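Reviewing the structure listed below.
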Amino acid sequence: MARKEVDDRFKKFGTISFTAITKTNDFINYLEEGKVMGTKCKECGAVYFPPRSDCAKCLNSNMEWFEITGTGTLLSFSELKYAPVGFEDDLPYTIALLDYGDYKVFGRISQEIPYEALSVGMKLKTEFNNLPGGQLNYVFARP
Amino acid sequence: MGKVGIIGVGQSNFVRGYPGSIRELAFEGFKEAMKDAKIEIKDINASIIASAPEYDKQRSPAGVIAEYLGLIPQPTFYIESVCSSSSMGLRVAYSMIKSGLHDIIAIVGFQKMSEISSSESQERMGRGADIQWESPFGTMMPAYYAMYAQAHMAKYGTTGEDLAKIRVKAATYGQINEKAVYRKPVTMEMFTDPESNISATVAKPLRVGDCCANADGSSCIIVANEEKARALCDKPVWILGLGAASEAVNMAGRDLLTGLSVGIEAGKQAYEMAGVTPKDIDVAEVHDCFTIAEMMAYENLGFAKPGEGKDLITSKETYKEGSIPVNVDGGLLSKGHPIGATGGSQIRTITLQLRGEAGEMQVKDPEIGLVHNIGGVGLYGNVTILGR
């Protein structure tokens, strides 16, 4: 009897993913196409990033994907000099939060932007990024 | 329905690498609280055990600890809200006493952070937030608080020097608190001296000196209904107000980056329930896991207006002799932060202050005190107002 295939696409997200199975697994396929996606509730229109498969506003699970486009405003950031186990080779790196108005995106700053060039309030865009070992994430880059 | 009073408080020394098991560690705080309360073990109707489970090897620690403390066959159970677990335990104990279900309850908080190896600890640190959407980027607690610091600096002009002043204050009192893990002085110069470990960057703009000291430790608070408290205790300290709140775990779900919404909301509830205002608070313990966290607590609790926390510390108003003494026991920064024990230790400090028994750390004649205890990066918040 054929083994039931496990949909563990999400283990490809980030340097180390701590989640393998989620109903938002299509996020990974979109990333592979170079798109960073959020979800929107088809019933009440609530917009979510990070993506959710269920709407906390109207309790429906009828969601559709939308692409994160354009620029967001840098709300804050921090460059790490120490990292958790498994992330040491990435050091130093900068985590950040970008405001798109209807939603915010948490992620990393592109390695191409030096820390000194960053300032709260600047405009950045969210873009797909390849990591070693076939892993994927997204980074904030100059528009 | 009458009031709920604190009739006994205790804590272990906060140390690095406690030479004993978690049950033995818990025993230390409990024993001191029992000696303080001058009651017998059979007088306690129930126990609430609090810690952060990621550091425990023991599955369901409540039973093991209750047995070791002689608290069986009374009911015992476990409460967890990370760093605010024992404050949450006090909240639950309050409701169980107010309901009439129990007369006297012991809340035992503990953490043996050295129970797991340092690499295991580092690995768990990476999973301290949203493991699906944030941890894959390589996040750590100091980096999240560093983002709050960065936003506070950008909006209000707060500087690293302002934050350093908070650590210098903490170390001032850590040196005179015999239970503190960090007993050494910290000076402003150490923050700019490249030779000093204090100045080393952890996550910009936070340095080693901005971060609290990990520790092993336990605490215990014994609470009773008004009748028992008056009968058993010469100086009961009453729970006047309780507030609690939660916030989005993912930073993307948060609107405020220059303060902790849970601190504001829990504070508002506690002030309202107690019928007091920030001006009425004579002494406070706030959750200074990082210097920026204390700065935000000043503003979130109404001791200073938003952005003016730096003026409060610069004018030394939060020192023992100031208008609103804060963390005059060394705080999490110097006393240490054994996660599950921290809230109980803060409550102990304020109880001793209100009883006039805080020794060298005693503030002049306080009547009303406040405890602000945060879980995670502003994920959970508890504020408790106590009075004599």
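Protein chains in written order, with the working numbering: chain Z, 328 to 470; chain A, 883 to 1270.
All C-beta atoms, glycine included, are put in the ideal place defined by N, C-alpha and C.
Here the structure is a predicted model, which means the values were calculated and not measured.
Same chain, Cβ closer than 6 angstroms to residue i, five either side skipped, listed in chain order
| i | result |
| --- | --- |
| Gly1260 (chain A) | Glu1129, Leu1142, Val1144 |
| Met1271 (chain A) | Because residue 1271 (chain A) is not part of the residues shown, which for chain A are 883 to 1270, the question remains open. |
| Gly1184 (chain A) | Pro1160 |
| Asp1012 (chain A) | Val1131, Asn1132 |
| Tyr357 (chain Z) | Met364 |
| Ser963 (chain A) | Met970, Gly1257, Tyr1262 |
| Ala410 (chain Z) | Leu418 |
Classification of residue i by the beta-carbon crowding that lies within 10 angstroms, buried from 16 upward
| i | result |
| --- | --- |
| Asn1059 (chain A) | buried |
| Gly361 (chain Z) | exposed |
| Val1119 (chain A) | buried |
| Gln1151 (chain A) | buried |
| Thr1231 (chain A) | buried |
| Asp1170 (chain A) | buried |
| Ser942 (chain A) | exposed |
| Lys367 (chain Z) | buried |
| Glu443 (chain Z) | exposed |
| Arg1237 (chain A) | buried |
| Pro955 (chain A) | exposed |
| Lys431 (chain Z) | buried |
| Val374 (chain Z) | exposed |
Sequence-distant residues of the same chain with beta carbon closer than 7 angstroms to residue i, five excluded per side
| i | result |
| --- | --- |
| Asn1182 (chain A) | Gly1141, Leu1142, Gly1145, Ile1146, Gly1149 |
| Val1050 (chain A) | Val1068, Thr1069, Met1070 |
| Phe909 (chain A) | Tyr950, Leu951 |
| Ala1062 (chain A) | Phe896, Gly1056, Gly1212, Ser1216, Lys1217, Gly1218 |
| Tyr900 (chain A) | Leu907, Lys994, Ser996, Asp1098 |
Alpha-carbon to alpha-carbon, residue j and residue i
| i | j | result |
| --- | --- | --- |
| Ile436 (chain Z) | Gly341 (chain Z) | 13 angstroms |
| Pro459 (chain Z) | Val1165 (chain A) | 52 angstroms |
| Pro470 (chain Z) | Gly399 (chain Z) | 10 angstroms |
| Leu1045 (chain A) | Glu1239 (chain A) | 30 angstroms |
| Ser969 (chain A) | Ile947 (chain A) | 18 angstroms |
| Met390 (chain Z) | Gly365 (chain Z) | 10 angstroms |
| Ala1223 (chain A) | Ser967 (chain A) | 8 angstroms |
| Leu983 (chain A) | Ala1156 (chain A) | 23 angstroms |
| Phe959 (chain A) | Glu1203 (chain A) | 41 angstroms |
| Leu424 (chain Z) | Asp1092 (chain A) | 22 angstroms |
| Met1243 (chain A) | Asp1137 (chain A) | 37 angstroms |
| Leu851 (chain A) | Gly1125 (chain A) | Summary: the structure shown does not reach residue 851 (chain A), with chain A confined to residues 883 through 1270, and so no result is reported for it. |
| Tyr1153 (chain A) | Asn1255 (chain A) | 15 angstroms |
| Lys452 (chain Z) | Lys369 (chain Z) | 26 angstroms |
| Val412 (chain Z) | Pro1220 (chain A) | 21 angstroms |
| Pro1248 (chain A) | Gln1235 (chain A) | 7 angstroms |
| Pro1207 (chain A) | Tyr427 (chain Z) | 40 angstroms |
| Ala1186 (chain A) | Pro378 (chain Z) | 37 angstroms |
Per-residue contacts from residue i into chain Z (C-beta, under 9 angstroms)
| i | result |
| --- | --- |
| Ser894 (chain A) | Neighbours of Ser894 (chain A) on chain Z: none; closest Cβ ~28 angstroms, over 9 angstroms. |
| Val1084 (chain A) | Leu407, Lys408, Tyr409 |
| Glu1005 (chain A) | Pro411, Val412, Gly413 |
Under 8 angstroms by beta carbon: chain A residues contacting residue i
| i | result |
| --- | --- |
| Asp417 (chain Z) | Gly1020 |
| Leu424 (chain Z) | Met1029, Met1133, Ala1134, Leu1139 |
| Asn464 (chain Z) | Pro1018, Phe1019 |
Nonlocal neighbours in the same chain, by C-beta distance under 8 angstroms from residue i, ignoring five residues either side
| i | result |
| --- | --- |
| Lys450 (chain Z) | Thr398, Gly399, Thr400, Leu401, Pro470 |
| Ser344 (chain Z) | Phe337, Lys338, Gln462 |
| Lys1037 (chain A) | Thr1140, Gly1189 |
Contacts that residue i makes with chain Z (C-beta to C-beta distance below 7 angstroms)
| i | result |
| --- | --- |
| Ile1013 (chain A) | Phe345, Thr346 |
| Ser1128 (chain A) | Those do not exist, as Ser1128 (chain A) stays about 13 angstroms from chain Z at its closest Cβ, beyond 7 angstroms. |
7 angstroms Cβ cut-off: residues of chain A touching residue i
| i | result |
| --- | --- |
| Lys431 (chain Z) | Ala1134 |
Contact set between residue i and chain Z, taken where Cβ atoms lie within less than 8 angstroms
| i | result |
| --- | --- |
| Glu997 (chain A) | Residues of chain Z passing the Cβ test: none, with the nearest at roughly 17 angstroms. |
| Gly1260 (chain A) | Those do not exist, as Gly1260 (chain A) stays about 13 angstroms from chain Z at its closest Cβ, beyond 8 angstroms. |
| Gln1032 (chain A) | Ser403, Phe404, Ser405, Val447 |
| Ala1025 (chain A) | Ser405, Leu407, Ile422 |
| Ser1001 (chain A) | Val412 |
| Arg941 (chain A) | Going along chain Z, no residue has its Cβ under 8 angstroms from Arg941 (chain A), so there is no contact; the nearest lies around 21 angstroms. |
Proximity test, Cβ basis, 9 angstroms: residue i and chain B
| i | result |
| --- | --- |
| Ala1036 (chain A) | This model lacks chain B altogether, as its protein chains are Z and A. |
- Report the residues of the segment 374-403 of chain Z with a CB closer than 8 angstroms to any CB of chain A, ordered along the chain. Phe376, Pro377, Leu402, Ser403
- Message: For the segment 335-363 of chain Z, list every residue whose C-beta sits within 9 angstroms of some C-beta in chain A, in sequence order.
- Response: Residues are counted here when their Cβ sits less than 9 angstroms from a Cβ of chain A; for the segment 335-363 of chain Z these are Phe337, Phe340, Gly341, Thr342, Ile343, Ser344, Phe345, Thr346, Thr349, Thr351, given in chain order.
- Output, in sequence order along the chain, the residues in the segment 434-455 of chain Z whose CB is closer than 8 angstroms to any CB in chain A. Gly434, Arg435, Tyr442, Ser446, Val447, Gly448
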